[in-house]
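Colleague: Below is one structure. I have some questions about it.
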Amino acid sequence: MPASAATQATLRSRASRALARRATAKVSFRALLVLAVVALGAYALDQISKFLVVTNLTEGDVVRVLDDVLQLHFVRNPGAAFSLASGMTWIFSIIATGVVVFIVWFAGRIRSVAWSVVFGLLLGGVLGNLTDRLLREPGFGVGQVVDFISTPWMIPAIYNVADMCIVVSMGIFMILTIRGIGLDGVRTSGSAAAGEGTPATDSDSPTDSRSESPSRSDAAPDGLAGPASTESAH
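First residue of the sequence shown? That's 12 in this note's numbering, and the numbers climb one at a time after it.
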């Protein structure tokens with residue numbers, strides 16, 4: 012086997028072993044740390060902003076920050092995000108609790124920082140609204156969520172920081188999914204995998220043929236030299 016082909020085979024073997032070790036890695040503490048920091052940051056920002064609104068505004072108040080571009084409109088929402096499906100508070104409380112439990116259980120499988128941000132924003136947003144439903148009036152599990160951000164030029168609904176975090180997490184989720192980036196941060200498509208160092212079938216064949224061609228060209232002059240030297244001897 013030519014030296015170049017042997018080297019390529021060794022590199023492919025090492026890349027495969029590296030990917031296997033990455034796939035079987037137990038827990039990425041870096042990913043868990045990013046998820047926790049993002050979740051806590053989103054949750055804190057949501058709860059602090061709601062506290063300031065409840066403390067300084069009366070329900071129904073409208074403060075025009077940037078005319079019709081951005082307004083503070085304090086309302087209490089018994090429904091889902093963006094004031095949707097009012098009157099189903101208990102159902103949303105149960106769903107939100109299930110989402111939180113799932114993220115906590117699933118977090119150990121995440122080894123990508125980008126995916127950690129996705130689940131961190133989702134966890135922080137869901138926890139923010141779930142806290143309102145559990146602790147605010149009229150009672151446990153049926154509490155009304157504090158909404159106060161209004162952008163009439165974009166959407167008619169009134170929302171809060173938690174809703175924004177959930178929507179942003181879904182946007183990043185779609186981008187990562189479309190790009191084929193897995194929970195370990197490696198793309199699953201053939202071209203992306205080749206870029207990450209994983210050998211692709213389409214790229215292996217041309218490389219091997221090019222690596223073998225120099226040995227054949229080197230052998231050709233030697234083969235021709237034999238008959239030429241014999242004729243000169245005669």
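Cβ atoms here follow ideal geometry from the backbone N, Cα and C, with glycine treated the same way. Note that this is a predicted model, so its numbers are computed, not measured.
(1) Looking at C-alpha atoms only, which residue of Val111, Ala118, Ile106, Val76 is the closest neighbour of leucine 138?
(2) Short check: CB of valine 179 to CB of leucine 132, under 7 Å?
(3) Rounded to whole angstroms, what is the Cα-Cα separation between valine 250 and alanine 125?
(4) Does the Cβ of asparagine 140 have 16 or more other Cβ atoms within 10 Å, making it buried, or fewer, making it exposed?
(5) How many angstroms separate the CA atom of arginine 75 from the CA atom of proline 163?
(6) Only counting the same chain, and skipping five residues up and downstream in sequence, which positions put a Cβ closer than 6 Å to that of threonine 69?
(7) One question on the structure: do aspartate 158 and valine 86 come within less than 7 Å of each other, judged by their Cβ atoms?
(8) Sort Ser123, Pro167, Trp101 by Cα distance to leucine 46 and report the nearest one.
(9) Where does proline 217 land, buried or exposed, given buried means 16+ other C-beta within 10 angstroms?
(10) Taking only the alpha-carbon atoms, compute the straight-line gap between threonine 197 and arginine 190 and give it to the nearest angstrom.
(11) Could you tell me the boundaries of the beta strand (DSSP E) in which isoleucine 121 lies?
(12) Identify, in the order they occur along the chain, each residue of the same chain with its Cβ nearer than 6 Å to the Cβ of valine 156, setting aside the five sequence neighbours on each side.
(13) Cutting at 7 Å between CB atoms, please list the residues of its own chain near threonine 35, excluding the five before and the five after it.
(14) Is the CB-CB distance between alanine 53 and glycine 109 below 7 Å?
(15) Kindly list the residues whose CB is nearer than 7 Å to the CB of phenylalanine 151, restricted to its own chain and excluding five residues on each side of it in sequence; keep chain order.
(16) If we ignore side chains and look at the alpha-carbon of each, how far apart do phenylalanine 113 and glutamine 58 end up?
(17) Could you tell me how far apart the beta carbons of valine 153 and tryptophan 101 are, in whole angstroms, since I believe they sit closer than 8 Å?
(18) Going by DSSP, which residues form a beta bridge with aspartate 79?
(19) Name the residue from Tyr170, Pro149, Ile177, Val128 whose alpha carbon lies nearest to the alpha carbon of leucine 187.
(20) Do you know offhand how far aspartate 78's Cα is from isoleucine 192's?
Modeller: On the basis of the coordinates in this document:
(1) One-based indexing of the sequence shown puts residue 138 at position 127. With distances taken between Cα atoms, leucine 138 lies closest to Val111.
(2) Locating residue 179 in the sequence shown gives position 168, counting from the first residue. Locating residue 132 in the sequence shown gives position 121, counting from the first residue. Against a cut-off of 7 Å, the Cβ pair of leucine 132 and valine 179 comes out as a contact.
(3) An answer regarding residue 250 cannot be provided, because it is not within the stretch 12 to 245 covered by the chain.
(4) Residue 140 sits at position 129 when you count from the first residue of the sequence shown. That one is buried.
(5) In the sequence shown, residue 75 corresponds to position 64, counting from 1. In the sequence shown, residue 163 corresponds to position 152, counting from 1. Approximately 11 Å, taken between the alpha carbons.
(6) In the sequence shown, residue 69 corresponds to position 58, counting from 1. None.
(7) On the sequence shown, position 147 is the one that residue 158 refers to. On the sequence shown, position 75 is the one that residue 86 refers to. Yes, these two residues count as a Cβ contact at 7 Å.
(8) Stepping through the sequence shown from its first residue, residue 46 is reached at position 35. Minimum Cα distance to leucine 46 is reached at Ser123.
(9) Along the sequence shown, one-based indexing puts residue 217 at 206. With a pLDDT of 41 at proline 217, under the threshold of 50, the modelled position of this residue cannot be trusted; read the value that follows with caution. By the neighbour-count rule (16 or more Cβ atoms within 10 Å), proline 217 is not buried but exposed.
(10) Here residue 197 refers to the residue found at position 186 when the sequence shown is read from its first residue. Here residue 190 refers to the residue found at position 179 when the sequence shown is read from its first residue. The sequence shown places valine at residue 197, not threonine. Cα to Cα, the separation comes out at about 10 Å.
(11) Working through the sequence shown from its first residue, we reach residue 121 at position 110. Careful: isoleucine 121 lies outside any beta strand (DSSP E) and carries neither H nor E.
(12) Walking along the sequence shown from the start, residue 156 turns up at place 145. Correct list, in chain order: Asn88, Asn140, Asp143.
(13) The sequence position of residue 35 within the sequence shown is 24, counting from 1. Caution is warranted here: a pLDDT of 47 is assigned to threonine 35, below 50, making its placement in the model unreliable, and no coordinate value can be reported.
(14) Taking the sequence shown and counting its residues from 1, the one referred to as residue 53 is at position 42. Taking the sequence shown and counting its residues from 1, the one referred to as residue 109 is at position 98. No; because the gap between Cβ atoms is not below 7 Å, this pair is not in contact.
(15) By one-based count along the sequence shown, residue 151 stands at place 140. Counting only Cβ-Cβ distances below 7 Å, and skipping sequence neighbours, we find Leu145.
(16) Position 102 of the sequence shown, counted from the first residue, corresponds to residue 113. Position 47 of the sequence shown, counted from the first residue, corresponds to residue 58. Phenylalanine 113 and glutamine 58: Cα-Cα distance of roughly 22 Å.
(17) Taking the sequence shown and counting its residues from 1, the one referred to as residue 153 is at position 142. Taking the sequence shown and counting its residues from 1, the one referred to as residue 101 is at position 90. With a Cβ gap of about 6 Å, valine 153 and tryptophan 101 count as contacting.
(18) Counted from its first residue, the sequence shown places residue 79 at position 68. Paired residues: none, contrary to the question.
(19) Position 176 of the sequence shown, counting from 1, holds the residue named residue 187. Here the closest residue by C-alpha is Val128.
(20) By one-based count along the sequence shown, residue 78 stands at place 67. By one-based count along the sequence shown, residue 192 stands at place 181. If you take the alpha carbons of aspartate 78 and isoleucine 192, they lie about 41 Å apart.
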